[in-house]
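Position 55 of the sequence shown, counted from 1, bears residue number 224 in my numbering, the numbering being contiguous throughout.
Report on the following structure.
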Amino acid sequence: MSAVLTPFLVPPSIRHQKKVNYGDGFILRAIERQVGRFSQSAMFSPRTPLVDEDFARLQSHRYVILAGANQLKDDFAPIAKMKASTLRKSNLVFIPFGIGLHGEAGFNEGFTDNASEILSIIHERIEYSSWRCPLTKGLLDTALPALREQTLMTCCPVVMDRPLLDGSKFERNLSTIAVTITDRGDFWDREIPVLKEVAELFPEKRRGFVFHQNFDPPSVFEPLADRFGMRLGSQKAKTPRHLRQLARQLGYEILLADDVDRLLAFYGQVDLHVGSRLHAHLHMLSQNKWSFLVKVDERSPGIASALGFELIEPGQLRHHLDADLEMIRTSAQACHLVMQRFVNAIPGRP
170 MSAVLTPFLV
180 PPSIRHQKKV
190 NYGDGFILRA
200 IERQVGRFSQ
210 SAMFSPRTPL
220 VDEDFARLQS
230 HRYVILAGAN
240 QLKDDFAPIA
250 KMKASTLRKS
260 NLVFIPFGIG
270 LHGEAGFNEG
280 FTDNASEILS
290 IIHERIEYSS
300 WRCPLTKGLL
310 DTALPALREQ
320 TLMTCCPVVM
330 DRPLLDGSKF
340 ERNLSTIAVT
350 ITDRGDFWDR
360 EIPVLKEVAE
370 LFPEKRRGFV
380 FHQNFDPPSV
390 FEPLADRFGM
400 RLGSQKAKTP
410 RHLRQLARQL
420 GYEILLADDV
430 DRLLAFYGQV
440 DLHVGSRLHA
450 HLHMLSQNKW
460 SFLVKVDERS
470 PGIASALGFE
480 LIEPGQLRHH
490 LDADLEMIRT
500 SAQACHLVMQ
510 RFVNAIPGRP
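If you want it as structure tokens, here you go:
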């Protein structure tokens with residue numbers, strides 16, 4: 170009997186500061202392709218400390234998958250504020266699955282003693298762990314060389330699906346295009362050129378502007394206001410609201426994700442993805458479809474090096490539309506062999 174700790178679950182107590190990231194949901198679904206679906210009662214969030222009752226329930230499971238995202242940072246812990254001494258006293262068997270480095274400046278400068286001890290304890294209880302890119306693997310090898318043979322660079326589970334692994338040629342029927350946005354931090358100068366270029370290159374195509382996180386929820390009147398060209402109160406502000414207005418003016422449909430399976434179904438109708446959402450990119454590649462990724466931080470270069478694709482600069486898509494993506498398939502197939510070694514070592518897997 171297994172459980173999962175997934176950052177896709179955001180407890181109500183922190184939703185004012187943390188927004189659901191549907192890319193984390195893509196990771197969860199990809200892991201479930203490998204190990205089977207988790208029941209709702211076997212799913213926990215690592216974002217806040219667990220109350221005693223939930224911690225006891227977690228310990229009742231034979232092992233606990235640590236579902237990947239960007240959790241590997243200097244103060245890494247499987248559960249928020251967990252101490253190595255707590256893990257040592259417990260019977261918890263944690264299995265990292267597709268975890269990557271944090272990637273933002275200041276978060277990967279050296280593990281704390283607590284984080285190093287936690288990682289060591291985790292690997293005392295398992296055969297292998299799964300990490301998503303060479304940069305992440307390098308951090309671990311440098312800090313904890315004794316674990317080198319156990320920490321496998323498997324790439325991200327999202328990219329491991331049959332259309333890519335078994336396919337022969339990337340589909341190129343460009344009738345529906347999705348542009349994704351990462352609207353945190355200083356995003357304006359990165360996202361605007363992407364929006365405009367895709368509209369210029371594909372003016373007659375169906376185009377969707379997709380938000381995997383909703384940092385600035387729209388009012389119910391927003392589409393109507395944009396339809397009639399009503400001015401926004403703060404014209405100088407560079408907010409997600411202003412991006413949505415521009416996208417509508419350029420002929421995009423707006424999609425604010427609210428369900429992971431509906432979002433995956435939407436991408437099933439998409440032929441080309443362009444943008445800064447890493448897991449939209451990986452999912453599209455996994456389905457043997459064209460996708461181009463814009464760099465936000467050091468997460469994307471790590472995956473790019475694992476799969477051998479080139480990151481694009483904002484507004485430079487036109488220079489990549491004749492790219493040969495077949496090397497991505499070859500790299501994914503090689504990573505899949507490592508992934509299978511990891512998955513086959515998970516205890517009690519059917």
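Every residue, glycine too, gets a C-beta built ideally from N, C-alpha and C.
If you're wondering where the values come from, they're calculated on a predicted model, not measured in any experiment.
Straight-line spacing of the CA atoms in E222 and A246 works out to 19 Å.
A501: not part of any beta strand (DSSP E); member of the alpha helix (DSSP H) spanning 495-513, first to last residue. In this structure D466 is in contact with G272, their Cβ atoms being roughly 4 Å apart against a cut-off of 8 Å. For the set Y232, Q209, P181, the Cα lying nearest the Cα of R216 is the one of P181. With a beta-carbon spacing of about 6 Å, V443 and L486 fall inside the 8 Å limit used to define contacts. Residue pairing from DSSP places L174 in a beta bridge opposite F213, L235.
Cβ neighbours of L316 within its own chain (closer than 6 Å, five residues either side excluded): H292. The C-beta separation of K458 from E340 comes to about 5 Å, placing the pair in contact by the 8 Å criterion. The C-alpha of F378 lies about 16 Å from the C-alpha of D358. Put simply, of I361, L433, P265, R353 the residue whose alpha carbon is nearest the alpha carbon of Y191 is L433. V328 is the residue among V328, E366, V429 whose C-alpha sits nearest the C-alpha of G477. For A246, there is no enclosing alpha helix (DSSP H), as DSSP gives it neither H nor E.
For A368, the enclosing alpha helix (DSSP H) has its first and last residue at 357-370. In summary, L288 is buried, with 16 or more beta-carbon neighbours lying within 10 Å of its beta-carbon over all protein chains present. Pairing I200 with P326 gives a Cβ-Cβ distance under 9 Å.
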